[in-house]
Amino acid sequence: MFDYKLLAALAAVIEQAGFERAAQILGLSQSAISQRIKLLEARVGQPVLVRAAPPTPTEIGRRLLNHVQQVRLLERDLQSLVPSLDEEGLPERLRIALNADSLATWWAEAVGDFCAEHHLLLDLVVEDQTVGLKRMRAGEVAACVCASERPVAGARSLLLGGMRYRALASPAFIARHFPQGVRAEQLARTPALVFGPDDFLQHRYLASLGVDGVFEHHLCPSSEGFIRLTEAGLGWGLVPELQVREQMQRGILLELLPDKPIDVPLYWHHWRNGGQLLAQLTEHLARLSAQWLVPWEQP
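Residues in the sequence shown are numbered from 41 upward in steps of one, following the numbering used here.
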C-alpha cells in the first residue's frame, strides 16, 4: 500500500517547483518534506526526483505523480457521496497545461462559470501549444490544451477546434518595409516576431507560402507583449484573430496577406481515470469551444 503522505510531498515539490514552497503548502518544515521524499525513495528502491532547480521527476516519479493526481480526482467523487470524508472542505485544485494564446483569449470565458459552480481552483502551467503535452507525460498536470492529437498512455484527447492566426503588422511597419505591396518572398527578409524557441508557427506559415530557410525575428514569450511589439512596429507576427479584432477594425494592425490565415488545432487531453470532475469539464469544453474556435480539418 502507498503512503499517500509521501506521495503528497512528491506532488507538492513538483507542483510548487521546490522544497520551500512545498513545505509552506503542506504546513511542514523543509526537513520534513525532504525526509518524506527520502522515505518514498527508500520504499520504491530508486530516486523519484532529480534534485535540480526546479526539481524534476524521474521516470518512476512521473508514474507516481500520475497516480496521485488521479487518486485526488477520484477522492472528490467519493467526497460528493460521503461529505464527511472531506474533513477540510477545501476546493479541488486542478493543474492544467495551457498555451499562452488560449489563456489570453477564450479560456477564461469558457471555464469561468464552471469553476464557480464546481468550487474549482485552477493551477495553470503556460506552455507553447506544440509542447504542452510534455507536462502530462511528466505527470505534472491532469489535463492540457495543446496542438498534438495523440494522447499519452492512460489519457484521451478531444479536438476542440482550430485557433485562427493572421499575419499582421502596424501601418508604419508595412509602409517602411513593403512600400510596393507585400510579397511572400519579402517576409523572410523583414523582422518577424516569434513567441519562443519552441514556436514554429511562423516557419510553417512561410513554408506554406513557398518560403523556406531562416528569417529575421525577435523572441517575445508573452502573448500580450507580442501584440504590443507588433503595434509598435518592431516586426510582423502571426496573431490570434480572437485577440486583435478591435485593432484590425480600427486599422491599428493590418493584415499582410489578406485571406491567408493559418489555423492551429487545439486538443484537450485528460486522464481516462480522472473522475467525474474532469469528465464534466471535458464535456463542458466540448460543448462550448465552438463559440471561439473555428472548425478544424486536417490539411
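By construction, the Cβ of each residue, glycine as well, lies at the ideal position given by its N, Cα and C atoms.
Reduced DSSP category for residue i - H, G, I as helix; E, B as strand; rest coil
i    : result
V111 : helix
V151 : helix
D252 : coil
L134 : strand
N139 : strand
G344 : An answer regarding residue 344 cannot be provided, because it is not within the stretch 41 to 339 covered by the chain.
H258 : strand
H243 : helix
G277 : strand
L68  : coil
V53  : helix
A183 : strand
E189 : coil
V88  : coil
E167 : strand
Outcome for residue i when other beta-carbon atoms lying within 10 angstroms are tallied against a minimum of 16
i    : result
A195 : buried
R135 : buried
L161 : exposed
D168 : buried
H258 : exposed
Q56  : buried
S69  : exposed
A212 : exposed
V254 : exposed
S142 : buried
H309 : buried
F266 : buried
A62  : buried
D239 : buried
G291 : exposed
G67  : exposed
G172 : buried
A51  : buried
Residue of the options minimising C-alpha distance to residue i
i    : options                   : result
Q331 : P95, K45 and A150         : A150
L325 : G152, G250 and N106       : G152
A215 : A178, S329 and G273       : G273
A207 : A228, I77 and R83         : A228
R327 : D303, G253, L200 and L114 : L200
L249 : H310, H309 and L296       : L296
L306 : S329, Q287 and G315       : S329
E337 : I302, H309, E81 and G315  : I302
C186 : T98, W147, I100 and A82   : W147
F59  : A137, L241 and I73        : I73
V192 : A48, L333, W311 and A52   : W311
V279 : R290, H309, Q289 and Q242 : Q242
M203 : V304, L79, G315 and L47   : V304
D163 : E157, K174 and E180       : E180
F154 : T145, A144 and E132       : E132
G236 : V222, L246, S71 and G277  : G277
Q300 : R285, D252, Y245 and L282 : Just to set this straight, residue 300 is Lys in the shown sequence, not Gln. Of the listed residues, the one whose Cα sits closest to K300 is Y245.
E81  : H158, L66, P97 and Q316   : P97
A178 : E271, L46, L269 and P95   : P95
V108 : D252, I54 and V334        : I54
Q110 : Q287, R76, Y44 and K174   : Y44
A137 : L114, V165, A144 and K78  : V165
Near the ligand GTP: residue i beta-carbon under 6 Å from a heavy atom
i    : result
E132 : Among the ligands in the structure shown, none appear at all, so the ligand GTP cannot be discussed.
Short CB-CB distance (under 7 Å) between residue i and chain D
i    : result
E271 : In the displayed structure, chain D is absent; only one protein chain is listed.
Exercise. Taking only runs that begin and end inside the stretch 192 to 241, name each unbroken alpha helix (DSSP H) of 4 or more residues, in chain order.
Key: 211 to 217
Quiz item: Using 8 Å as the Cβ pair cut-off and three pairs as the minimum, do the stretch 232 to 240 and the stretch 314 to 323 touch?
Solution: no
Practice problem: Quick one: which unbroken alpha helix (DSSP H) runs of 4-plus residues sit fully inside the stretch 260 to 332? Chain order, please. | Solution: 263 to 271, 285 to 290 and 315 to 328
Quiz prompt | Touch test, the stretch 98 to 107 against the stretch 79 to 89, Cβ-Cβ under 8 Å, three pairs minimum | solution = yes
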